[in-house]
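Notes follow once the structure below has been shown.
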Amino acid sequence: MMVQVSSLNQYSFCPRIIYLSKILKLKPEFSPERSRGLISHAIRRELSMRQSKLLGKIRDVNDLNSTLVEELDRILEDAPHIYKGFLGEVEYNRYLPEIRSEILHEIGIMGERLRFMVEEIGFERALMTIIPWKVEYTVRSKKLRLSGRIDKVMRNPSYAPVEIKTSSVPDGIWVGDRLQICAYAMLLEDRFNLKEPISFGFVEYTRAQERRPVMTTEELRRKVLETRDEIIDIFNGDIPEICPHGNGKKCRSCCYKGQCYDV
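Per this note's numbering, residue 520 is the first one in the sequence shown, and the count goes up by one each step.
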């Protein structure tokens with residue numbers, strides 16, 4: 520069977536999520552916090568996906584902010600239609616003013632960082648470091664028994680996968696995010712039959728406008744395959760125990776917290 524790369528991240532947070540969502544087919548509970556999070560994720564992700572195309576059209580760094588703000592307002596109109604299945608019945612308009620204000624601040628940070636890069640390496644080279652080779656690039660491997668869709672693939676000149684994350688920003692990089700990046704690197708190596716390994720990828724935390732590197736070490740590669748096999752075991756009948764990680768904070772923030780103890 521094929522394991523979705525995103526499932527590695529879910530398993531890392533809690534193995535029970537795989538059991539509840541993939542085996543029992545339970546739907547996550549809705550709450551105001553979850554509704555706001557879904558809308559915020561959809562808008563930030565769409566802006567990140569579109570920004571590379573927009574940046575390719577900009578010839579003056581001073582035009583960056585106004586161009587992105589205009590695109591943000593278009594996204595606010597488009598997102599409910601693009602992400603209709605993802606957003607479901609959430610109260611979309613209720614959260615827009617607050618989310619728009621947050622993203623305007625992030626656009627300001629992006630503009631300042633691009634200006635700094637332009638001063639250091641020039642406009643064209645700065646854009647080359649930002650604009651991806653591919654977006655939403657689908658990969659799968661029978662040998663690895665993994666499949667997924669990479670948010671962005673950089674190629675300058677070697678390949679580097681980029682995963683967009685719109686949630687809270689950790690001090691370092693979440694373990695699940697590391698697993699995703701490493702798995703995508705392994706899939707790209709297999710897809711293009713690369714002789715040399717892809718040594719790193721990036722997690723793009725949109726709230727901080729940062730790309731943080733993930734080194735694809737032997738230890739991390741091994742962990743990817745171990746996690747894949749543990750997920751397959753769940754599909755083959757293993758049932759993870761309740762709160763296997765022993766982290767009450769995870770349980771309190773989980774969208775399955777009201778159902779997990781009942782099954």
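Using N, Cα and C, we set each Cβ at its ideal position, and we do this for glycine too.
- A direct Cα-to-Cα measurement between residue 594 and residue 574 gives close to 16 angstroms.
- The stretch 600-619 and the stretch 559-569 touch, with three or more beta-carbon pairs separated by less than 8 angstroms.
- Annotation for residue 725: 563, 567 and 685 place their beta carbon closer than 6 angstroms to its own, counting only its chain and skipping 5 residues before and after.
- The stretch 530-537 makes contact with the stretch 736-750: 3 or more CB pairs, one atom from each, lie closer than 8 angstroms.
- The shortest CA-to-CA distance from residue 556 to any of 777, 773 and 781 is the one to 773.
- With respect to the 9 angstroms criterion, residue 762 and residue 535 are classified as neighbours on the basis of their beta carbons.
- The DSSP-derived three-state label of residue 657 is strand.
- Straight-line spacing of the CA atoms in residue 654 and residue 678 works out to 13 angstroms.
- From the listed residues 745, 664, 694 and 727, the smallest Cα separation to residue 709 is found for 664.
- Under the Cβ criterion (8 angstroms, minimum of three pairs), the stretch 659-674 does not count as touching the stretch 578-588.
- Judged by DSSP secondary structure, residue 614 falls within the alpha helix (DSSP H) whose first and last residues are 611-640.
- DSSP links residue 724 through a beta bridge to 684 and 729.
- Distance from the CA of residue 649 to the CA of residue 754, rounded to the nearest whole angstrom, comes to 39 angstroms.
- The continuous alpha helix (DSSP H) containing residue 705 extends over residues 694-710.
- Here the alpha carbon of residue 712 sits roughly 25 angstroms from the alpha carbon of residue 683.
- For residue 718, no alpha helix (DSSP H) run applies, since DSSP gives it neither H nor E.
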